[in-house]
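Residue numbers 19 to 641, in the working numbering, belong to the letters of the sequence shown in order. Glycine residues also receive a C-beta, built at the ideal position from the N, C-alpha and C atoms. All figures in this text were calculated on a predicted structure; none of them were measured in a lab. In what follows, a structure is listed as structure tokens, so that the remarks can point back to it.
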Amino acid sequence: MLENDDNKAVNKEEEALETNNNQEVNEQVDATEAIDEIEKSVAEEAEKEDEKEDDSLPQIDYSKLSLEELIDALKNLLNDNAAHKIKSQVEKIRSSFNKKFGKLLAEKKAQFLEAGGNTIDFKFNSPVKEEYNKLLSEYKRTRDAYYSELENRLNENLEKRLLVIERLKALIDEADPKTMYTVFKEIQDSWRQIGPVPKTRYNDTWKIYHFHVERFYDLLHLSKDYRDLDFKNNLEEKLKIIAEAEALTLEKDVNYAAKKLQDLHKAWKEDIGPVASEMREEIWKKFSNATKKIHDRRHEHYKEMRSKVQEIIEKKLEVIQELNNYDFSKNDSHNDWQKSIKEIEKLRQKYFDAGKLPYAKSEEVWQKFKAATKRFNAAKNAFYKQEKSGQQDNLKKKLALIKIAESFKDSEDWEEATNTMKKIQSDWKKIGHVPRKFSDDIWKKFKAACNHYFDRYHQQKNAISKEQQAIVDAKKEFLEKLKETKKATKDSLTKAINDWNDLGRLPRKFRHLDGKFNKQLDLLLDKLSVDKTEFTMLKFTNTIDGLADDNESRKLESEEIFIRKKIDEIKREIQQLENNLGFFQNADEKNPLVVNVKNQVKDFKENLDVWKQKLSYIKKKDY
Numbered sequence: 019m020l021e022n023d024d025n026k027a028v029n030k031e032e033e034a035l036e037t038n039n040n041q042e043v044n045e046q047v048d049a050t051e052a053i054d055e056i057e058k059s060v061a062e063e064a065e066k067e068d069e070k071e072d073d074s075l076p077q078i079d080y081s082k083l084s085l086e087e088l089i090d091a092l093k094n095l096l097n098d099n100a101a102h103k104i105k106s107q108v109e110k111i112r113s114s115f116n117k118k119f120g121k122l123l124a125e126k127k128a129q130f131l132e133a134g135g136n137t138i139d140f141k142f143n144s145p146v147k148e149e150y151n152k153l154l155s156e157y158k159r160t161r162d163a164y165y166s167e168l169e170n171r172l173n174e175n176l177e178k179r180l181l182v183i184e185r186l187k188a189l190i191d192e193a194d195p196k197t198m199y200t201v202f203k204e205i206q207d208s209w210r211q212i213g214p215v216p217k218t219r220y221n222d223t224w225k226i227y228h229f230h231v232e233r234f235y236d237l238l239h240l241s242k243d244y245r246d247l248d249f250k251n252n253l254e255e256k257l258k259i260i261a262e263a264e265a266l267t268l269e270k271d272v273n274y275a276a277k278k279l280q281d282l283h284k285a286w287k288e289d290i291g292p293v294a295s296e297m298r299e300e301i302w303k304k305f306s307n308a309t310k311k312i313h314d315r316r317h318e319h320y321k322e323m324r325s326k327v328q329e330i331i332e333k334k335l336e337v338i339q340e341l342n343n344y345d346f347s348k349n350d351s352h353n354d355w356q357k358s359i360k361e362i363e364k365l366r367q368k369y370f371d372a373g374k375l376p377y378a379k380s381e382e383v384w385q386k387f388k389a390a391t392k393r394f395n396a397a398k399n400a401f402y403k404q405e406k407s408g409q410q411d412n413l414k415k416k417l418a419l420i421k422i423a424e425s426f427k428d429s430e431d432w433e434e435a436t437n438t439m440k441k442i443q444s445d446w447k448k449i450g451h452v453p454r455k456f457s458d459d460i461w462k463k464f465k466a467a468c469n470h471y472f473d474r475y476h477q478q479k480n481a482i483s484k485e486q487q488a489i490v491d492a493k494k495e496f497l498e499k500l501k502e503t504k505k506a507t508k509d510s511l512t513k514a515i516n517d518w519n520d521l522g523r524l525p526r527k528f529r530h531l532d533g534k535f536n537k538q539l540d541l542l543l544d545k546l547s548v549d550k551t552e553f554t555m556l557k558f559t560n561t562i563d564g565l566a567d568d569n570e571s572r573k574l575e576s577e578e579i580f581i582r583k584k585i586d587e588i589k590r591e592i593q594q595l596e597n598n599l600g601f602f603q604n605a606d607e608k609n610p611l612v613v614n615v616k617n618q619v620k621d622f623k624e625n626l627d628v629w630k631q632k633l634s635y636i637k638k639k640d641y
């Protein structure tokens, strides 16, 4: 089939690199060879002029689309565009679809084998794949029909051009002075309106036509004014083309210059007639010289690129050596492998960044690169296969714990059920990761069963007895008396804490009285000049003990998290203040600013000691 126009520049460059790759070019080709080469490319372009892809099509990253979205994209592409103008877009969709479907097929096969199936029995029918195949077949059928029609059209155009040449020859032979110029103009218009012909016949038919056009002008002595006017207009147009060609000799992009040169040669042939015989050789020589310069620059460009091939190969081999020397033997965790994956990916990118090679030179290096990466991937896949097996075991263990949790969630044997629930919560934390696709679902089930039980447990504990009501009443009375205290001592406050605890533990729904009691203690402590750490810890341990006795694991966990955050916060404050002191190295120790900062550091450190004591105490609780 005809080559896609969008890929022409790349293919030409690769072709030039592959051709005579080991041969040194010691001299530039002459102008004749340059003209022959450009005329050959013009012939190829003329044959494909209706085949260029539509540049207005949106550029989509098909790799990010799902299988269903790729099918929709292909369907829209076929509905809205001619098949021969979307080749590159279809190829991108096909590449992305094959990769994604291949991955899906591998997953389905793995699941089939894991379930005990045999490879020979594996089958996977997909409506998505069936629809994709149907659309692709429609595309190929439409495309093939276009190329078949194109071939017929090219041959028909050839016949038309041959008939035009015969008309021109007959006109010259008959040479009626009254009508010959008018008929000649009609023949020229007919020639220009005929579409492309097969590339193998393009140059020959044009040369024959042009030969007879020049014959006609040479014989047009009876209409000298018409002839001279045509010669003058044609000369002006050809001089413009020569100026454009000479400007292209300075163009930095040699591929762009070569493409524009093709357009100029086509216009020279197709759109502009001959000039006066005495000028023909001169202007053709100018145009040929400009063509040769552009041709030579292009060949020099490819020669330079060939000289860089060995340099690119050496860079790629260095990367391959780095890959072969990469040590992953000590990787024994997911984090280790993730770190290695990133490092290997950097080396892969370094390999590709080294540059492109022509196919004849790239295959051997590419195979070495694939072998080096395969070594790493094989070890990585073996690790994750084993890791996956371990995750399946973990999944079974956690499912067993869910079964236990659900069997106890409605139990009314509070002691046994509570102990069991606490144990399976502890066991759950010790079990490792499970496959990601199950983790959220099983956690929700386990958490729901545990929460259901403990909500019931706390609800029944909140139902208070007469004895508990007596404790509530006694503590309310004690609190009222404490509020009437005007003056307190360290001993009296210590006694108040002990007496409060001796009255008994408050039911859950009245636990707010503990907070009121602690608040009243704080008011009395503010009036004393004593170390408040002891009282702070007494209140704290009293609160924590109450939460632990009531199995308030969630509240204990939240309290521990809060304490840890508080410790981190204080440490940052201390660090900031000590950094600030560094700015006062040469200041007087009695400087008010220095004294103030040091006092703040001291206060924060004392406060930090209290929070550390709290953390140490709560960590001793088994929750």
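- Non-local C-beta neighbours of Arg233 in its own chain, meaning closer than 8 Å and more than five positions away in sequence, comprise Ile190, ordered along the chain.
- Excluding its 5 nearest sequence neighbours in each direction, Ser425 has no C-beta neighbour in its own chain below 8 Å.
- Here the alpha carbons of Arg171 and Pro216 stand approximately 9 Å from one another.
- Counting only runs of 4 or more residues that sit fully inside the region 232–281, the alpha helix (DSSP H) segments are 242–266, in chain order.
- Rounded to the nearest whole angstrom, the C-alpha separation of Glu177 and Gly291 is 22 Å.
- With respect to Leu266, Ile301 sits apart: the two C-beta atoms are not nearer than 8 Å.
- CA-CA distance, Gln211 to Lys303, rounds to 29 Å.
- Nearest to Met297 by C-alpha distance, out of Ile562, Asn273, Arg572, Asn252, is Asn252.
- By the criterion of a C-beta distance shorter than 6 Å, Arg219 is surrounded in its chain by Leu176, once the five residues flanking it on both sides are discounted.
- Boundaries of the alpha helix (DSSP H) around Lys360: 352–371.
- Counting C-beta pairs with one atom in each stretch, the region 77–93 and the region 106–117 have three or more that are closer than 8 Å, which means they touch.
- DSSP places Asp445 in the uninterrupted alpha helix (DSSP H) bounded by 432–448.
- Val613 counts as exposed, since fewer than 16 other C-beta atoms from the protein chains shown sit within 10 angstroms of its C-beta.
- Using a Cβ-Cβ distance cut-off of 8 Å, the region 470–481 and the region 525–533 are in contact, since at least three pairs of beta carbons, one from each stretch, lie closer than that value.
- Leu531 and Lys493 have their C-alpha atoms roughly 8 Å apart.
- Spanning the alpha carbons of Ala308 and Trp286 requires a straight line of approximately 14 Å.
- Taking a cut-off of 8 Å for Cβ pairs, the region 624–641 and the region 578–589 touch, as three or more such pairs fall below it.
- Judged by beta-carbon spacing, Leu341 lies within the 8 Å limit of Ala390, meaning their Cβ atoms are closer than that value.
- The C-alpha of Tyr471 lies about 14 Å from the C-alpha of Lys441.
- Collapsing the DSSP output to three states places Glu502 in coil.
- When DSSP states are grouped into helix, strand and coil, Pro292 belongs to the coil group.
- If you draw a straight line from the Cα of Arg572 to the Cα of Ala506, it comes to about 36 Å.
- Assignment of Glu177 by DSSP, reduced to helix, strand and coil, places it in the helix class.
- Following the DSSP letters along the chain, one finds Gln631 inside the alpha helix (DSSP H) bounded by residues 610–637.
- The beta carbon of Ile259 sits closer than 8 Å to those of Leu282, Ala285, Trp286, Ile290, Phe305, all from its chain and outside the five residues before and after it, given in chain order.
- When secondary structure is reduced to three states using DSSP, Gly135 falls in the coil class, being assigned neither helix nor strand.
- C-alpha of Ala100 to C-alpha of Val452: approximately 51 Å in a straight line.
- With fewer than 16 other Cβ atoms from the protein chains shown falling within 10 Å of its own Cβ, Glu502 counts as exposed.
- The Cβ atoms of Ile362 and Lys416 lie no closer than 8 Å to each other.
- Fewer than three pairs of CB atoms, one per stretch, sit closer than 8 Å, so the region 221–233 makes no contact with the region 269–279.
- Under the 10 Å beta carbon count, Gln486 is surrounded by 16 or more other beta carbons and is classified as buried.
- Phe456 and Ala397 do not touch by the CB rule: their CB atoms are close to 26 Å apart, not below 8 Å.
- Between Asn597 and Glu607, the alpha-carbon positions lie close to 16 Å from each other.
- Out of Asp621, Leu595, Arg582, Ser106, the CA that lies nearest to the CA of Lys632 is found in Arg582.
- Counting of Cβ neighbours within 10 angstroms places Phe580 among the exposed residues, the total staying below 16.
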